[in-house]
Amino acid sequence: MLNIEIKNLDEFLNKVSKINIQRTLNIWVKKSIIFLEWAAKKETPVDTWLLRNSYETFFESLKWKLVNTRKYWLYVHEWTRYIKWNPFLTRAAKKSNKDINIIFSNEVHKTLNSLKT
């Protein structure tokens, strides 16, 4: 017969049950969207600064939106007969992928570190 004793299991399980995953994810979402807004502004073409200065962020629990309030952003991003294609938001998202993963990893790491005694 094999007898295994695990020390401090009750204490560990108590700490794990108190972890607030939703809070961790909300912090990650907020930090990520703020970073993405910065990245998008860097990639947004500048003519009169209207397009670059027209970003708004909206947060809810585990939901977010980054919106450019100028209706012509889509024409600049995609193209028209008169405006050359400039996918600035796509570029910002692709360039930010690694940084968003780092932000996520850091938030998870902080949460898991809270389990240490």
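Position in the sequence shown (from 1) plus 99 gives the number in this note's numbering. A virtual CB, placed ideally from N, CA and C, is assigned to each residue, including glycine.
Is the segment 156–171 in contact with the segment 202–211, if contact means three or more CB pairs nearer than 8 Å?
With a cut-off of 8 Å, the segment 202–211 and the segment 156–171 do not count as touching, because too few Cβ pairs lie within range.
Could you pull the start and end residues of the beta strand (DSSP E) that Thr156 belongs to?
Sequence index remark: in the sequence shown, residue 156 carries index 57 (1-based). Start and end: 154–159.
Starting from Trp172, follow its DSSP beta bridges and name the residues at the other end.
The residue given as residue 172 occupies position 73 in the sequence shown. Beta-bridge pairing links Trp172 to no other residue.
Apart from the five residues just before and just after His176, which ones in its own chain have a Cβ nearer than 7 Å to its Cβ?
Counting from one through the sequence shown, the residue named residue 176 turns up at place 77. The residues are Asn185, Pro186, Phe187, Leu188.
Taking the alpha carbon of Asn152 as the point to measure from, which residue in Ala139, Ile120, Ser213 has its own alpha carbon closest?
Translated into the one-based positions of the sequence shown, residue 152 becomes position 53. Comparing Cα positions, the closest option is Ala139.
Looking only at its chain, what residues have a beta carbon closer than 8 Å to the beta carbon of Lys114, apart from the 5 residues adjacent to it on each side?
The residue labelled residue 114 in the question sits at position 15 within the sequence shown. Only Ser213, Leu214 meet the Cβ criterion.
With a threshold of 8 Å on Cβ separation, who are the neighbours of Phe111 within its own chain once the five nearest residues in sequence on each side are excluded?
Residue 111 sits at position 12 when you count from the first residue of the sequence shown. Once the five neighbours on either side are set aside, the close Cβ partners of Phe111 are Leu214.
Which of the three DSSP states is assigned to Asn221 in this structure?
The structure shown has nothing for residue 221, since the chain only spans 100 to 216.
Residues bridged to Asn167 by DSSP?
As a position in the sequence shown, residue 167 is number 68, starting the count at 1. Per DSSP, Tyr154.
Which word fits Val166, buried or exposed, when buried means at least 16 other C-beta atoms lie within 10 angstroms of its C-beta?
If you number the sequence shown from 1, residue 166 lands on position 67. Label assigned to Val166: exposed.
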